[in-house]
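Chains as they are written, first to last, in the numbering used here: chain R, 33 to 280; chain L, 36 to 432. All C-beta atoms in this analysis are idealised placements derived from N, C-alpha and C, irrespective of residue type, glycine included.
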């Protein structure tokens, strides 16, 4: 079985985000970028499937500008066998991303498509669902556990009510939640080996995909600053203060 | 200095490792005044972190020193000085001469397990009567058949309570002090090696520091690194990597101190305004950050030259400058920042007070500031020659 994994270049989770003065977006100048942490979890799962002998090949795909190749190199260091770089310099909406990923899926014909449940930059949580819908294949989102058995996958999903176990036919789109696994540390020999693994570059035109219209970001603003708190001495005081604010 | 994707990945792996495998345990190790070197080094060895600049034939990555420097810089994220120092002893101070000049057999025996994190190393240069004055050391290694018999003692030995082997600098003849020394790999379980009590220091508590006695310790002569009498020269060369490492591993720790102080002074209010709104403080933070960036530029430049030419005298000068500046700047940054924490800064648990204690060593260990200044002056051509005393002159006359 082939496993396809999509990874996204995002601002590193350690970086304190700064919104540009004119509200046109987030400041990315000189900011440390990394692979989306949920995509790392998806990558780790794919590599484990390969190590367990369930998958024969792991292919990483990303959509982004020249520098997104860095994240593909990370994916290759994780253990992907090869990578596909869909070069797009503009912002990509979830629907456009889903169209691109659909085209890549159709070209590669993997048995499983893994990705993070969402990217930590926009937190849209849409690309996985849209990709499966466009492809007309099953989806299993928020995976906390994944088992492959022949042509079926059993996925334990982390939902609001608790854990939900579903079985889907393969191929399917599975999106990784936080507890699916703990990604490994990349070993130095693997980091250096990744340099020599193949990366194929394609454009949206090569894939016959057009950007989806309809989504424009009008303004970006930072969340309101947290107001100063107060200190209370006893639990009674705390309860009274909460009641006073109408919170309990 | 240009960093590649691979440099960034090494940084990332190092940082994640520190966040998960080191920092959560630092308080415990500080308290115990020792860290579990074997356990930690094995984990690092498995990831390839202990042999970045070491030959591939001995399990290393065979990469140039810029990768090692990226690693050293990330070690600054460790929330104490002792663990990074212990790692530096393993990867630079105790193993760079071995890697460069050791016989294949000796490297197989000591370098391969050091890179794998299976053996912990110490470097034995300083003695109770000789530290920065390396030429004045007294430990002897006298030939007896195919062996050396070692007698003497070594002081301030990092990893000394738990190392498996020590790279020992000893006098192997009576000749001139710069030509009579050799570096010898001595297993710490050899009969006659005694680890005296752990030394109680003002900082670097996670790192165990020992005095070690050698009483008729017998080791085969094949444990000598390179040619006899070349020990002083090799040690001087070994110091260059140590000094670059010291400079690089200081940077991020100082930035953490500055950042923590900024955050604290933003929250802390006096006279109805955040402390940091006082110009003396926010200007000072700007000044200190500028100094750290200047040190970084010097470290990168030194490393860049070293990658191009390992034997350049310019590197000796720049590495000494980087080491000097790192020590002095660490004192300036931690002292200035501690001041703005007020009473909180004077408490034991405070991160800035720990950095203040830990980094104080930088100006002393690995060649004191004054030794660095001597080297720099010598290379600038301004060091006066040693004059005979008037008394000696009179006697000669």
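Looking at the secondary structure, which residues open and close the alpha helix (DSSP H) in which residue 106 (chain L) lies?
100-109
With a threshold of 6 Å on Cβ separation, who are the neighbours of residue 25 (chain R) within its own chain once the five nearest residues in sequence on each side are excluded?
Since the first residue shown for chain R is 33 and the last is 280, residue 25 (chain R) is missing from the structure and cannot be characterised.
Check residue 191 (chain L) in the structure and name its three-state DSSP category.
strand
From the DSSP output, in three-state form, read off residue 51 (chain L) for me.
In the three-state reduction of the DSSP assignment, residue 51 (chain L) falls in the helix class.
I'd like to know whether the C-beta atoms of residue 239 (chain L) and residue 116 (chain L) end up nearer to each other than 8 Å.
yes
What does the alpha-carbon distance come out to for the pair residue 385 (chain L) and residue 73 (chain L)?
28 Å
What is the DSSP secondary structure of residue 431 (chain L), counted as helix, strand or coil?
Because residue 431 (chain L) carries a pLDDT of 43, less than 50, the predicted location of this residue cannot be relied on, and the following value inherits that uncertainty. If DSSP states are grouped into helix, strand and coil, residue 431 (chain L) belongs with the helices.
Measure how close the beta-carbons of residue 78 (chain R) and residue 146 (chain R) come, nearest whole angstrom, since I'm counting them as under 8 Å.
5 Å
Can you pull out the residues from the stretch 104-129 of chain R whose beta carbon lies closer than 9 Å to at least one beta carbon of chain L?
105, 106 and 109
So, helix, strand or coil for residue 183 (chain L), using DSSP?
strand
Quick check on residue 325 (chain L) - is its C-beta less than 8 Å from some C-beta in chain R?
no
Between the stretch 117-131 of chain R and the stretch 58-75 of chain L, are three or more C-beta pairs nearer than 8 Å?
Result no; under three Cβ-Cβ pairs closer than 8 Å.
If you measure from the beta carbon of residue 41 (chain R) to each beta carbon in chain L, is any gap under 8 Å?
no
Is residue 278 (chain L) near residue 354 (chain L), with beta carbons less than 8 Å apart?
yes
Buried or exposed for residue 41 (chain L), going by 16 or more other Cβ atoms inside 10 Å?
buried
So which residues of chain R does residue 40 (chain L) contact, with C-beta pairs closer than 7 Å?
Residues of chain R passing the Cβ test: 102 and 105.
Which chain R residues sit within Cβ distance under 7 Å of residue 82 (chain L)?
Within 7 Å Cβ-Cβ: 217, 219 and 220.
So if DSSP puts residue 206 (chain L) in a beta bridge, which residue, or which two residues, is it bridged to?
Residue 206 (chain L) pairs with L:175 and L:216.
State buried or exposed for residue 429 (chain L), treating a residue as buried only when at least 16 other CB atoms are found within 10 Å of its CB.
At residue 429 (chain L) the pLDDT is 46, less than 50, meaning the model places this residue with poor confidence; the figure from the coordinates comes in the next sentence. Residue 429 (chain L) comes out exposed.
Near residue 207 (chain R), which residues of its chain fall below 6 Å by C-beta distance, leaving aside the five closest residues on each side in sequence?
147, 149, 160 and 173
Pair every Cβ in the stretch 235-255 of chain L with every Cβ in the stretch 183-199 of chain L, then say whether three or more of these pairs are closer than 8 Å.
Verdict: yes, contact present.
Taking the alpha-carbon positions, what's the residue 400 (chain L) to residue 276 (chain R) distance?
60 Å
Taking the alpha carbon of residue 118 (chain L) as the reference point, which residue from L:346, L:155, L:208 and L:147 has its own alpha carbon closest?
L:155
Return yes when the Cβ of residue 105 (chain L) is within less than 8 Å of the Cβ of residue 130 (chain L), no when it is not.
no
Of all the beta strand (DSSP E) runs that stay within the bounds of the stretch 181-248 of chain R, which reach a length of 3 or more residues?
184-191, 194-201, 205-208 and 231-235
If the cut is a Cβ gap below 9 Å, which residues of chain L does residue 225 (chain R) touch?
Residues of chain L passing the Cβ test: none, with the nearest at roughly 10 Å.
Could you tell me if residue 87 (chain L) is buried or exposed, where buried requires 16 or more neighbouring beta carbons within 10 angstroms of its beta carbon?
buried
How should residue 360 (chain L) be labelled, buried or exposed, when 16 other C-beta atoms within 10 angstroms of its C-beta is the threshold for buried?
buried
Buried or exposed for residue 383 (chain L), going by 16 or more other Cβ atoms inside 10 Å?
Residue burial is scored here from C-beta neighbours: residue 383 (chain L) has fewer than 16 other C-beta atoms within 10 angstroms and is therefore classed as exposed.
For a test of the three-state rule: what should DSSP assign to residue 68 (chain L), helix, strand or coil?
coil
For residue 237 (chain L), I'd like the list of residues in its chain whose CB is within less than 8 Å of its CB, leaving aside the five on either flank, ordered along the chain.
392 and 395
List the whole-angstrom C-beta distance separating residue 117 (chain R) from residue 35 (chain R), where the pair is believed to meet the contact cut-off of C-beta under 8 Å.
Incorrect: roughly 18 Å between the Cβ atoms, too far for contact.
Let me know the secondary structure DSSP gives residue 425 (chain L) once reduced to three states.
Residue placement at residue 425 (chain L) is poorly supported in this model, since its pLDDT is 49, which falls under 50; the coordinates are not used for a value here.
Rank L:334, L:262 and L:268 by C-alpha distance to the C-alpha of residue 287 (chain L) and give the top, closest one.
The residue with the shortest Cα to Cα distance from residue 287 (chain L) is L:334.
Could you name the residues of the stretch 50-62 of chain L whose beta carbon sits closer than 7 Å to any beta carbon of chain R, in the order they occur along the chain?
51 and 52
For residue 188 (chain R), count neighbouring C-beta atoms within 10 Å of its own C-beta (all shown protein chains included) and say buried if the count is 16 or more, exposed if not.
buried
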